[in-house]
Amino acid sequence: MVNANLTERQQRLLNIVIQEYTRTAQPVSSKAIAETGNLGVSSATIRNDLAFLEQEGLLTHPHTSAGRMPTDAGYRYFVQNLMADAELPIAERKRIRQEFSSVRQELDQWLRLSTTVLANASQSAALATAPRSSQSRFKHVELVAIRDTKVLLVLVLQTGVVRQQLLDLDLPMDQSELNMASNELNDRFVGATSTAIQKLHNSLSPFAKQVSVLIVDIMERHDSMAHRHFFRDGLAQVLDAPEFAASDNVRRIVQVLEERTILDQVVDEYSSANEIQVIIAGEGRYHELQEISLVLSRYGVDDQATGMLGVVGPLRMSYGRNIGAVRFVAMLMSDMVQEIYGPTVDG
Numbered sequence: 199m200v201n202a203n204l205t206e207r208q209q210r211l212l213n214i215v216i217q218e219y220t221r222t223a224q225p226v227s228s229k230a231i232a233e234t235g236n237l238g239v240s241s242a243t244i245r246n247d248l249a250f251l252e253q254e255g256l257l258t259h260p261h262t263s264a265g266r267m268p269t270d271a272g273y274r275y276f277v278q279n280l281m282a283d284a285e286l287p288i289a290e291r292k293r294i295r296q297e298f299s300s301v302r303q304e305l306d307q308w309l310r311l312s313t314t315v316l317a318n319a320s321q322s323a324a325l326a327t328a329p330r331s332s333q334s335r336f337k338h339v340e341l342v343a344i345r346d347t348k349v350l351l352v353l354v355l356q357t358g359v360v361r362q363q364l365l366d367l368d369l370p371m372d373q374s375e376l377n378m379a380s381n382e383l384n385d386r387f388v389g390a391t392s393t394a395i396q397k398l399h400n401s402l403s404p405f406a407k408q409v410s411v412l413i414v415d416i417m418e419r420h421d422s423m424a425h426r427h428f429f430r431d432g433l434a435q436v437l438d439a440p441e442f443a444a445s446d447n448v449r450r451i452v453q454v455l456e457e458r459t460i461l462d463q464v465v466d467e468y469s470s471a472n473e474i475q476v477i478i479a480g481e482g483r484y485h486e487l488q489e490i491s492l493v494l495s496r497y498g499v500d501d502q503a504t505g506m507l508g509v510v511g512p513l514r515m516s517y518g519r520n521i522g523a524v525r526f527v528a529m530l531m532s533d534m535v536q537e538i539y540g541p542t543v544d545g
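Residues 199 to 545 in my numbering are what the sequence shown spells out, letter by letter.
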């Protein structure tokens, strides 16, 4: 937390500088503040307060300009102490809800839409990770007769992942017998993890028990290979920001969005946080995030499956609006995950 003892007027002054700099991307002069800030004090007093804020490390100014601009610490103080906790306007929230309700109830569709919505709302880049759980959960299985003793096992997990495997039976079975086994497994296993399924083996009919062993093997292999999958949108929008006109900054933001390493590290660090996280200039831990801010939120169902989503943009982003957008979309995605997972079997 930034420690700075500011008077109410100095806080208002810092707020004005940040709001104006966010709007114009230009250093803010004391003259502009006097004209727009309605502070009721002289220009000399404003200059003295600006000098104090600069001394405290909250503002800085380019050598070529008499105007001030926020530092990383200035943005952090603003987010912690001055920012209005904005919600998206009612009409915009209604429109976003309609967009989500108009797409198929499939996780990938919602993840892609979440990044599109956030990119448009923030005029920045957006990211989302698919929800992950420590163990996948069973949703449905079908056994399909192919020919003679060949059977296709089709396993659907609760996240929508589909796995298929060919089985060689000792003796042929007709489709009605396979359907009976499928129905038995579906009745017993819905919402179960591989651990829970193993506990149910001995209560099954002989053939269903054989199939359940294969189901456990498929689920365990899936869990061991599970990796974080990123969805992204809005790179073109964020590159329009003046901050990314320089080639070094373009390279940095593209690297952050297109290479997994940095985002993986950041998401891992904040994945257990319950509140929205605002990461400003890497917080001194991520050199690659200089000139970049992230607003991230976890979504999903605790102890079942959670992911992360958020926006990535310049330090000069509209933090209040972006936090409101991220919070709202995270709520919609949490509802979606709840619908996907539904009832569970312990274990």
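For each residue, glycine too, the CB sits at the ideal point set by N, CA and C.
As the structure is a prediction and not an experimental result, all values here were calculated from the model.
Quiz item: How about L365 and L376: are their beta carbons less than 7 Å apart?
Solution: In the sequence shown, the residue the question calls residue 365 occupies position 167. In the sequence shown, the residue the question calls residue 376 occupies position 178. No.
Exercise. Report the rounded CA-to-CA distance for M406 versus L398, giving the unit in angstroms.
Key: Start at 1 with the first residue of the sequence shown, and residue 406 comes out as number 208. Start at 1 with the first residue of the sequence shown, and residue 398 comes out as number 200. Sequence check: residue 406 is Ala here, not Met. Going by the C-alpha atoms only, they are around 11 Å apart.
Quiz item: What distance in whole Å lies between the Cβ atoms of T314 and V465, which are believed to be in contact at a cut-off of 8 Å?
Solution: Here the question's residue 465 lines up with position 267 in the sequence shown. Here the question's residue 314 lines up with position 116 in the sequence shown. With a Cβ gap of about 20 Å, V465 and T314 do not count as contacting.
Quiz item: Run through DSSP, which three-state label would D466 get?
Solution: For this step, residue 466 is matched to residue 268 along the sequence shown. Three-state DSSP puts D466 in a helix.
Quiz item: For V509 versus V535, is the C-beta distance shorter than 7 Å?
Solution: The count along the sequence shown starts at 1 and reaches residue 509 at position 311. The count along the sequence shown starts at 1 and reaches residue 535 at position 337. Not a contact, by the Cβ cut-off of 7 Å.
Quiz prompt | Exposure label - E489; buried when at least 16 CB within 10 Å | solution = Working through the sequence shown from its first residue, we reach residue 489 at position 291. Result: buried.
Quiz item: With 16 as the cutoff for other CB atoms within 10 Å, does T269 come out buried or exposed?
Solution: Numbered from its first residue, the sequence shown carries residue 269 at position 71. Per the 10 Å Cβ criterion, buried.
Quiz item: In the DSSP assignment, what are the bridge partners of V491?
Solution: Here the question's residue 491 lines up with position 293 in the sequence shown. The amino acid at residue 491 is misidentified as Val; the sequence shows Ser. I478, G511, per the DSSP bridge assignment.
Quiz item: When the Cα of L280 is compared with those of A319, L305, R207, which residue comes out closest?
Solution: As a position in the sequence shown, residue 280 is number 82, starting the count at 1. Shortest Cα-Cα distance from L280 to any of A319, L305, R207 involves R207.
Practice problem: Take T393 as the anchor and find which of K292, L383, R335, R426 has the nearest alpha-carbon. | Solution: In the sequence shown, counting from the first residue as 1, residue 393 sits at position 195. Per the Cα distances, R335.
Quiz item: According to the Cβ coordinates, are Q356 and I538 closer than 7 Å?
Solution: Along the sequence shown, one-based indexing puts residue 356 at 158. Along the sequence shown, one-based indexing puts residue 538 at 340. Yes, the Cβ-Cβ distance between Q356 and I538 is below 7 Å.
Self-check item: E441 and P512 closer than 7 Å at C-beta
Solution: Numbered from its first residue, the sequence shown carries residue 441 at position 243. Numbered from its first residue, the sequence shown carries residue 512 at position 314. In contact: E441 and P512 (Cβ atoms closer than 7 Å).
Quiz item: Leaving out five residues before and five after Q373 in sequence, what residues of the same chain have Cβ atoms less than 6 Å from its Cβ?
Solution: The count along the sequence shown starts at 1 and reaches residue 373 at position 175. For Q373, where only same-chain residues beyond five positions count, the Cβ hits under 6 Å are A343.
Self-check item: Other residues of its chain near N400: CB distance less than 8 Å, five sequence neighbours each side excluded
Solution: Within the sequence shown, residue 400 is the residue found at index 202, counting from 1. Hits under 8 Å: K407.
Practice problem: Determine the direct distance from the alpha carbon of S240 to that of Q475, and round the result to whole angstroms. | Solution: As a position in the sequence shown, residue 475 is number 277, starting the count at 1. As a position in the sequence shown, residue 240 is number 42, starting the count at 1. Straight-line Cα distance between these residues: approximately 38 Å.
Exercise. Would you mind working out which of A390, I395, E418, L494 sits nearest R361, comparing C-alpha positions?
Key: Counting from 1 along the sequence shown, the entry for residue 361 is found at position 163. That would be E418, whose Cα lies nearest to the Cα of R361.
Self-check item: Option in S516, M506, M515, R514 with minimal Cα separation from Q527
Solution: Your numbering for residue 527 matches position 329 in the sequence shown. Note that residue 527 is Val in the sequence shown here, rather than Gln. Of S516, M506, M515, R514, the residue nearest in Cα terms is M506.
Quiz item: How should R293 be labelled, buried or exposed, when 16 other C-beta atoms within 10 angstroms of its C-beta is the threshold for buried?
Solution: Here residue 293 refers to the residue found at position 95 when the sequence shown is read from its first residue. By the Cβ-count criterion, R293 is exposed, with fewer than 16 other Cβ atoms from all chains shown falling within 10 Å of its own Cβ.
Quiz item: Which value, in whole angstroms, describes the spacing of the CA atoms of N318 and Y273?
Solution: Against the sequence shown, residue 318 aligns to sequence position 120. Against the sequence shown, residue 273 aligns to sequence position 75. C-alpha separation (whole angstroms): 23 Å.
Exercise. Please classify Y497: does DSSP put it in a helix, a strand, or coil?
Key: As a first step, residue 497 is located in the sequence shown; it is residue number 299 there, counting from the start. Note: Y497 maps to strand in three-state DSSP.
Quiz item: Between V411 and the rest of its own chain, which residues show a CB-CB distance below 8 Å, the 5 nearest in sequence each way excluded?
Solution: Numbered from 1 along the sequence shown, position 213 holds the residue referred to as residue 411. Same-chain partners within the cutoff: H399.
Practice problem: Give the C-beta separation of I460 and Y484 to the nearest angstrom, bearing in mind that I take them to be a contact with Cβ-Cβ under 8 Å. | Solution: The residue you call residue 460 lines up with position 262 of the sequence shown. The residue you call residue 484 lines up with position 286 of the sequence shown. With 8 Å as the limit, I460 and Y484 qualify as a contact, their Cβ atoms being about 6 Å apart.
Exercise. Buried or exposed for I288, please, with buried defined as at least 16 other CB atoms from any protein chain shown within 10 angstroms of its CB.
Key: In the sequence shown, residue 288 corresponds to position 90, counting from 1. Exposed is the call here.
Quiz item: How big is the Cα-Cα spacing for R266 and P225?
Solution: Counting from 1 along the sequence shown, the entry for residue 266 is found at position 68. Counting from 1 along the sequence shown, the entry for residue 225 is found at position 27. So the alpha carbons of these two residues sit roughly 5 Å apart.
Quiz item: How big is the Cα-Cα spacing for G422 and S331?
Solution: What you label residue 422 is simply residue 224 of the sequence shown in a count that begins at 1. What you label residue 331 is simply residue 133 of the sequence shown in a count that begins at 1. It is worth fixing the name first, because residue 422 is Ser in this sequence and not Gly. One C-alpha to the other measures close to 11 Å.
Practice problem: Measure the alpha-carbon distance for L311 versus L487 and round it to whole angstroms. | Solution: The sequence position of residue 311 within the sequence shown is 113, counting from 1. The sequence position of residue 487 within the sequence shown is 289, counting from 1. Cα-Cα distance, rounded: 25 Å.
Quiz item: Where A479 and V349 are concerned, what is the direct C-alpha to C-alpha distance, given to the nearest angstrom?
Solution: Translated into the one-based positions of the sequence shown, residue 479 becomes position 281. Translated into the one-based positions of the sequence shown, residue 349 becomes position 151. So the alpha carbons of these two residues sit roughly 55 Å apart.
Practice problem: State the beta-bridge partners of G505 as determined by DSSP. | Solution: Within the sequence shown, numbered from 1, the residue matching residue 505 stands at position 307. Beta-bridge pairing links G505 to Y497.
Exercise. Following the continuous alpha helix (DSSP H) through E254, name the residue where it begins and the one where it ends.
Key: Here residue 254 refers to the residue found at position 56 when the sequence shown is read from its first residue. Note, E254: premise wrong, no alpha helix (DSSP H); not H, not E.
Exercise. Find out if the Cβ-Cβ distance for the pair S403, L341 is shorter than 7 Å.
Key: In the sequence shown, counting from the first residue as 1, residue 403 sits at position 205. In the sequence shown, counting from the first residue as 1, residue 341 sits at position 143. No.
Quiz item: Alpha carbon to alpha carbon, what distance is there between A249 and E204?
Solution: Taking the sequence shown and counting its residues from 1, one reaches residue 204 at position 6. Taking the sequence shown and counting its residues from 1, one reaches residue 249 at position 51. It is Leu, not Glu, that sits at residue 204 in the sequence shown. For the pair L204 and A249, the Cα-to-Cα distance works out to about 13 Å.
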